[in-house]
Amino acid sequence: MHRILRAEQYVPVKINGKDSPFTTAAPIPKKYEAKLYRFAPAFMDRSAECDVLYQSLLIDGWAVRSYQNYAREEHILELSVEEPFFMLHFSLEGYVDLEMSDGKKHRLLPGQYRLMQFNTGKHMLKFKGKRWYEAFFIDFPGDWTTQMASKSKVLKWLLDRMEENQNGIIPCASRIMGDQVYELIEAIRNRQPAADSISLAHTEAQIRDLALYAIEQLPPTLERLCMESPSQIGTIKSFMTNNITRFYSVEEIAANFGFSVRSFQQLFKNSTGETIRDFILRSKMEKAQKLLSRPGFSIKVIAAKLGYQHPGNFTREYKNFYKRPPRPAGNNTNLVAENDH
Numbered sequence: 014m015h016r017i018l019r020a021e022q023y024v025p026v027k028i029n030g031k032d033s034p035f036t037t038a039a040p041i042p043k044k045y046e047a048k049l050y051r052f053a054p055a056f057m058d059r060s061a062e063c064d065v066l067y068q069s070l071l072i073d074g075w076a077v078r079s080y081q082n083y084a085r086e087e088h089i090l091e092l093s094v095e096e097p098f099f100m101l102h103f104s105l106e107g108y109v110d111l112e113m114s115d116g117k118k119h120r121l122l123p124g125q126y127r128l129m130q131f132n133t134g135k136h137m138l139k140f141k142g143k144r145w146y147e148a149f150f151i152d153f154p155g156d157w158t159t160q161m162a163s164k165s166k167v168l169k170w171l172l173d174r175m176e177e178n179q180n181g182i183i184p185c186a187s188r189i190m191g192d193q194v195y196e197l198i199e200a201i202r203n204r205q206p207a208a209d210s211i212s213l214a215h216t217e218a219q220i221r222d223l224a225l226y227a228i229e230q231l232p233p234t235l236e237r238l239c240m241e242s243p244s245q246i247g248t249i250k251s252f253m254t255n256n257i258t259r260f261y262s263v264e265e266i267a268a269n270f271g272f273s274v275r276s277f278q279q280l281f282k283n284s285t286g287e288t289i290r291d292f293i294l295r296s297k298m299e300k301a302q303k304l305l306s307r308p309g310f311s312i313k314v315i316a317a318k319l320g321y322q323h324p325g326n327f328t329r330e331y332k333n334f335y336k337r338p339p340r341p342a343g344n345n346t347n348l349v350a351e352n353d354h
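Offset between the sequence shown (1-based) and the numbering used here: plus 13.
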């Protein structure tokens, strides 16, 4: 048994067609501590094929969950769902191939989000070996869902499919996770555990904001739903831009989307006219300009926010790119020298 989908419910799981010998690891190994968030207690399920970290929070019918899977080898998780349900699903790192009980297949790419409905039956998740997969889920309270369905034809369609025990994945307007989605997720995951009613109210408000924003991105009609599909290159660009502080190599980015390095580089260059490294550098410099325009951000802080370990490296790249040194807002002196060591 393994809590892979629902916050408080175990779902029977098999790995590669065999009963999964998951055990709970306690304490969680130190090598995973940097992967944990502050919003909820962390637990770990372990098998020969993978380690799974999960954190769940329940507030007034809302359930949010962080799910991370480190695959030691390629494996298929077979999930047995006993009651239909749906969730808002955000893919944050790595990809997974999903085959639903009706035989329909979906590749869940990082940097995309979707509403997903699972009917009763067996569903397959295929993970590649020695890769990290991370997702964030939201389950809605029933009364909130019913209320929202009265305003959204597409959400009503999803609920009807649940009643008919049919699977469904609803794409949000572009299904691409923009800045606002990442910021809302980070705000939820990095909140201190709610210790009083005021803290709980703030956390619930953030969860509602994220859910409402996602619902508002739904196509307004079923006809639009059928016409719209996410842009693969748009998803990749958004993923890189919103993970700009992480030390992703070209190899790691390609693996996140299931490409070889060579085919990934060719696809990106043919689609954008830029190399991957040029795009990453330009994105960092454009974000640096925005941060420099805000009062209170020093060179050292901005460099850290952009993933530079040493402020001097940021200063040199900025100067080479814009032909002038970076200057924080409201400061007329060159603050670069002290950080250029």
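Every residue gets a Cβ at the ideal spot worked out from N, C-alpha and C, and that includes glycine.
The structure presented is a predicted model; accordingly, all values stated were derived computationally and were not measured.
For residue 289, three-class secondary structure by DSSP: helix
Residue 286 burial status per 10 Å Cβ neighbour count (16 or more: buried): exposed
Nearest-angstrom beta carbon gap, residue 223 and residue 201 [assumed within contact, 8 angstroms]: Correct: roughly 7 angstroms between the Cβ atoms.
Residue nearest to residue 337 in terms of C-alpha spacing, selected from 310, 301, 322: 301
Sequence-distant residues of its chain with Cβ nearer than 7 angstroms to residue 83 (five each side left out): Cβ contact annotation for residue 83 (same chain, cutoff 7 angstroms, sequence separation greater than five): 63, 64, 145, in chain order.
The ligand MG heavy atom lying under 7 angstroms from the CB of residue 123: Of the ligands one can find in the structure shown there are none, so the ligand MG has no counterpart to examine.
Own chain residues within Cβ distance below 6 angstroms of residue 205, not counting five before or after: 51
Reduced DSSP secondary structure (H/G/I, E/B, other) of residue 214: helix
DSSP beta-bridge partners of residue 80: 67, 148
Assigned secondary structure, residue 284 (DSSP; H/G/I helix, E/B strand, else coil): helix
Given residue 90 as reference, the closest of 323, 216, 138 once Cα atoms are compared: 138
DSSP-derived helix/strand/coil call for residue 337: coil
The region 54-73 contacting the region 110-129, beta-carbon criterion three pairs below 8 angstroms: Flag = no, the region 54-73 and the region 110-129 do not touch.
Option in 59, 294, 273 with minimal Cα separation from residue 253: 294
Simplified DSSP assignment, three categories, for residue 247: If DSSP states are grouped into helix, strand and coil, residue 247 belongs with the helices.
Residue 91 - DSSP class collapsed to helix/strand/coil: strand
Alpha carbon of residue 354 to alpha carbon of residue 40, nearest angstrom: In this predicted model, residue 354 has a pLDDT of only 40, less than 50, meaning its place in the structure is not dependable enough to derive any value.
At least three beta-carbon pairs within less than 8 angstroms, the region 147-165 to the region 84-104: yes
Classification of residue 152 by the beta-carbon crowding that lies within 10 angstroms, buried from 16 upward: buried
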